[in-house]
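Structure, as structure tokens:
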Amino acid sequence: MTKCSVFIATSLDGFIARPDGDFTWLDTSAPHIEGEDYGFAEFYSSIDGLVMGRKTYETALGFPEWPYAGKRLVVLSNSSILIPPHLAKDVEQMSASPHEVVRQLELTGASHLYVDGGLTIQGFLSVGLINEITMTTIPILLGSGIPLFGPLERDILLQIISSRSYPNGFVQTKYIISHSIPAD
Ligand SMILES: NC(=O)c1ccc[n+]([C@@H]2O[C@H](COP(=O)([O-])OP(=O)(O)OC[C@H]3O[C@@H](n4cnc5c(N)ncnc54)[C@H](OP(=O)(O)O)[C@@H]3O)[C@@H](O)[C@H]2O)c1
319 MTKCSVFIAT SLDGFIARPD GDFTWLDTSA PHIEGEDYGF AEFYSSIDGL
369 VMGRKTYETA LGFPEWPYAG KRLVVLSNSS ILIPPHLAKD VEQMSASPHE
419 VVRQLELTGA SHLYVDGGLT IQGFLSVGLI NEITMTTIPI LLGSGIPLFG
469 PLERDILLQI ISSRSYPNGF VQTKYIISHS IPAD
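Residue numbering for the sequence shown follows the working numbering, starting at 319 and increasing by one per position.
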């Protein structure tokens, strides 16, 4: 079975970006710790592909350097997306249910996927496809923004694997999904 993981940073009130998509608060709200990557490199080396929502992909396209070099990246969108020629080797588009996306990637040998983007994560969570969540909570309240989590038809229970606080106030908690509680 292909494992699907989330590795994400949120504000204390659960937002992954401001309403306009701004996420500079991730870098500016607390002191930078020299050489600290909050476990990202280790996590990234464990995945063999990414599944990302169209909006997160568009954000990444705007970065000065493509951050996902050398990894297969599937962008989910119901319309056609721009894939610059230099990324065509690694980036592809799919429009399918989370189950179908994972099934197709599993067929091509994917064993560990990094699922990214709020709505995309919510879609995978709601059908029971997320196995692990590593969430770094930034000590800031934004009041509004793009939420990490959304409505669910049933509760999802999580088991805490580890929790660590950093000197700058970041708190990183790793969960595995235990099971969903059937709706009444
Ligand atoms: N704080 C962090 O660590 C972090 C991490 C990642 C992203 N972000 C931020 O989060 C924001 C984006 O998150 P978001 O929740 O707005 O959107 P998102 O999940 O990145 O993208 C949502 C879009 O993905 C497409 N999609 C999702 N599931 C699909 C499916 N099964 N089939 C077809 N298309 C599907 C749809 O695209 P179409 O509308 O084209 O059909 C949907 O509108 C950005 O501002 C990004 O920078 C922050």
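Glycine is no exception: its CB is placed at the ideal position from the N, C-alpha and C atoms.
Whole angstroms is fine: what's the gap from residue i's alpha carbon to residue j's?
i	j	result
L425	R336	37 angstroms
E450	L344	22 angstroms
I401	I478	38 angstroms
L368	Y493	19 angstroms
Y356	V489	10 angstroms
L437	S415	13 angstroms
L431	I365	6 angstroms
D331	Y362	26 angstroms
Q411	R421	15 angstroms
T455	S481	11 angstroms
I need the DSSP call for residue i, collapsed to helix, strand or coil.
i	result
H404	helix
L437	helix
V445	coil
A335	strand
T346	helix
E424	helix
A327	strand
Y362	helix
Can you give me the Cβ contacts of residue i inside the same chain, cut-off strictly under 8 angstroms, excluding the 5 residues immediately before and after it?
i	result
H417	V445, L447
P385	A378
A387	D408
V419	V369, V392, L394, M412
Thinking just about the alpha-carbon of each residue, which of the options is nearest to the one in residue i?
i	options	result
N486	D340, G367, A348, A327	A348
S413	G388, G441, A359, T454	G441
E383	L466, H404, S397	H404
T346	I464, G468, P457	P457
L515	V324, S480, L423	With the chain represented from 319 up to 502, any question about residue 515 goes unanswered, as that position is not in the structure.
G339	M319, S397, L443, L460	L460
F381	P469, N396, F341, S429	F341
Going by beta carbon distance, what residues of the same chain come within less than 6 angstroms of residue i, once the five residues before and after it are set aside?
i	result
T374	D434, G435
L466	T328, G332, I334, G436
S483	V489
I439	V324, V433
In the DSSP output, what is residue i paired with across the bridge?
i	result
I458	Bridge partners of I458: none, in fact.
L394	G371, M412
L431	C322, G367
I464	A335
T492	Rather than Thr, the amino acid found at residue 492 in this sequence is Lys. Bridge partners of K492: T452, S480.
Of all the CB atoms in chain C, is at least one closer than 8 angstroms to the CB of residue i?
i	result
F333	Included in the structure is just one protein chain, with no chain C present.
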